[in-house]
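Participant:
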Amino acid sequence: MPVPDGGDALVVLEDVDKHFGALHVLRSIDLTIHRGEVVVVIGPSGSGKSTLCRAVNRLETIDSGRIVVDGRPLPAEGRELAALRADVGMVFQSFNLFAHKTVLDNVTLGQIKVRKKDRKTAERRARTLLERVGVATQADKYPAQLSGGQQQRVAIARALAMDPKVMLFDEPTSALDPEMINEVLEVMQQLARDGMTMVVVTHEMGFARSAADRVVFMADGRIVEQATPEEFFGNPRSERARDFLSKILHH
Ligand SMILES: Nc1ncnc2c1ncn2[C@@H]1O[C@H](COP(=O)(O)OP(=O)(O)O)[C@@H](O)[C@H]1O
Ligand SMILES: [Mg+2]
Numbered sequence: 001m002p003v004p005d006g007g008d009a010l011v012v013l014e015d016v017d018k019h020f021g022a023l024h025v026l027r028s029i030d031l032t033i034h035r036g037e038v039v040v041v042i043g044p045s046g047s048g049k050s051t052l053c054r055a056v057n058r059l060e061t062i063d064s065g066r067i068v069v070d071g072r073p074l075p076a077e078g079r080e081l082a083a084l085r086a087d088v089g090m091v092f093q094s095f096n097l098f099a100h101k102t103v104l105d106n107v108t109l110g111q112i113k114v115r116k117k118d119r120k121t122a123e124r125r126a127r128t129l130l131e132r133v134g135v136a137t138q139a140d141k142y143p144a145q146l147s148g149g150q151q152q153r154v155a156i157a158r159a160l161a162m163d164p165k166v167m168l169f170d171e172p173t174s175a176l177d178p179e180m181i182n183e184v185l186e187v188m189q190q191l192a193r194d195g196m197t198m199v200v201v202t203h204e205m206g207f208a209r210s211a212a213d214r215v216v217f218m219a220d221g222r223i224v225e226q227a228t229p230e231e232f233f234g235n236p237r238s239e240r241a242r243d244f245l246s247k248i249l250h251h
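1 is the number of the first residue of the sequence shown in the UniProt record's numbering; add one for each residue after it.
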């Protein structure tokens, strides 16, 4: 079971609600992510998983409730928001590297602009991270010259370069050709083993089983249930979860 709320809560959502017009996309979401924890979020398309991630990174506003990152409520805007956003690394489904910048520049720029490092220090760190995700030899290329799997690994390196407190992954392998999925999941597995706090939206159930401390199942804007992977996959409690699992595990 999830550890009880203690002093190690890193991201806390309290009674968060969000509408898009008449559509109620997040409904009374209460969720605590603890330091070092890997939480996999699964659920049908349209259930609010991306909106949840985007709200934590403040790419979306919320209507009511509270989101606290490392003890500080999310600020509305300004410099404080930029700093806080840098604490929350995000990797999206579609590759969102700067197309007109080299791989090295992609991983260097934020360090200089937001973290105020000098170029040399930033480049050294970038090369270390590119090495870590296995694309060091691609440093001088442009994103379009890389495979999807390589681009996604650069995106992970770029996010890590900001020294985030938590990493959010929103279906990071969904747009990849099948043969490239594992190389990205392996980098994520390694991050998890290294103790990174991670929230991962994915349909990769193998990853969920092996890397997640906790699985959160969403449907219709609600957290329907949460449990350890063993409990969730072995004995899902809700009809919605059983239905969802039967669809994705037997297709
Ligand atoms: N910017 C937006 N404007 C209006 N509706 C949106 C917007 N973003 C998402 N939605 C809707 O909100 C619901 C939840 O979307 P999303 O969070 O992307 O779900 P998921 O990631 O679980 O597929 C969906 O019905 C989607 O169509
Ligand atoms: Mg989504």
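Even glycine gets a Cβ: it sits at the ideal position worked out from N, Cα and C.
Just so it is clear, the structure is predicted and the values come from calculations on it, not from any experiment.
So, using beta-carbon positions, are valine 201 and glutamate 231 closer together than 8 Å?
Facilitator: Not in contact: valine 201 and glutamate 231 (Cβ atoms no closer than 8 Å).
Participant: Just verifying my parser: in three-state terms, what is the DSSP assignment at methionine 90?
Facilitator: The answer is strand: DSSP assigns methionine 90 an E or B state.
Participant: Tell me whether isoleucine 112 sits in a helix, a strand or coil according to DSSP, three-state version.
Facilitator: If DSSP states are grouped into helix, strand and coil, isoleucine 112 belongs with the helices.
Participant: Using only CA atoms, which one of Lys247, Arg58, Lys141 and Leu13 lies nearest to lysine 104?
Facilitator: Note that residue 104 corresponds to leucine in the displayed sequence, not to lysine. Measuring from the Cα of leucine 104, the nearest candidate turns out to be Lys141.
Participant: Where do the ends of the beta strand (DSSP E) carrying serine 20 lie?
Facilitator: The question names serine, but residue 20 in the sequence shown is phenylalanine. 9-20 is the span of the beta strand (DSSP E), which, as asked, contains phenylalanine 20.
Participant: Could you say which of Leu129, Thr32 and Gly221 lies nearest to leucine 191 if we only look at CA atoms?
Facilitator: If we check each option's Cα against that of leucine 191, Leu129 comes out closest.
Participant: Using a threshold of 7 Å, is the CB atom of glutamate 60 nearer than that to any non-hydrogen atom of ligand 2?
Facilitator: Answer for glutamate 60: no, Cβ out of range of ligand 2.
Participant: If you count every other CB in all the chains shown that lies within 10 Å of the CB of lysine 120, and 16 or more means buried, which is it?
Facilitator: It is exposed - the Cβ of lysine 120 has fewer than 16 other Cβ atoms within 10 Å.
Participant: At what residues does the beta strand (DSSP E) containing glutamate 204 begin and finish?
Facilitator: First-last for glutamate 204: undefined, no H or E at that position.
Participant: Pick out the complete alpha helix (DSSP H) segments inside the stretch 131-172, 4 residues or longer, and give them in chain order.
Facilitator: Segments of the alpha helix (DSSP H) lying fully in the stretch 131-172: 148-160.
Participant: Is serine 50 near ligand 1 - that is, is its Cβ less than 7 Å away from at least one heavy atom of it?
Facilitator: Yes, ligand 1 has a heavy atom inside 7 Å of this Cβ.
Participant: What residue from Val199, Leu31 and Gln152 has the CA that sits closest to valine 184's CA?
Facilitator: If we check each option's Cα against that of valine 184, Gln152 comes out closest.
Participant: Please go through the same chain and pick out, in chain order, the residues whose beta-carbon is closer than 7 Å to the beta-carbon of alanine 9, but skip the five residues on each side of it.
Facilitator: Answer for alanine 9: Thr32 and His34, listed in chain order.
Participant: Would you please state the rounded distance, in angstroms, between the beta carbons of leucine 160 and glycine 89? I believe it to be under 8 Å.
Facilitator: Indeed they touch by this definition, with Cβ atoms about 6 Å apart.
Participant: Using 8 Å as the threshold, is the C-beta distance between arginine 214 and threonine 228 below it?
Facilitator: Cβ distance < 8 Å, so arginine 214 and threonine 228 count as in contact.
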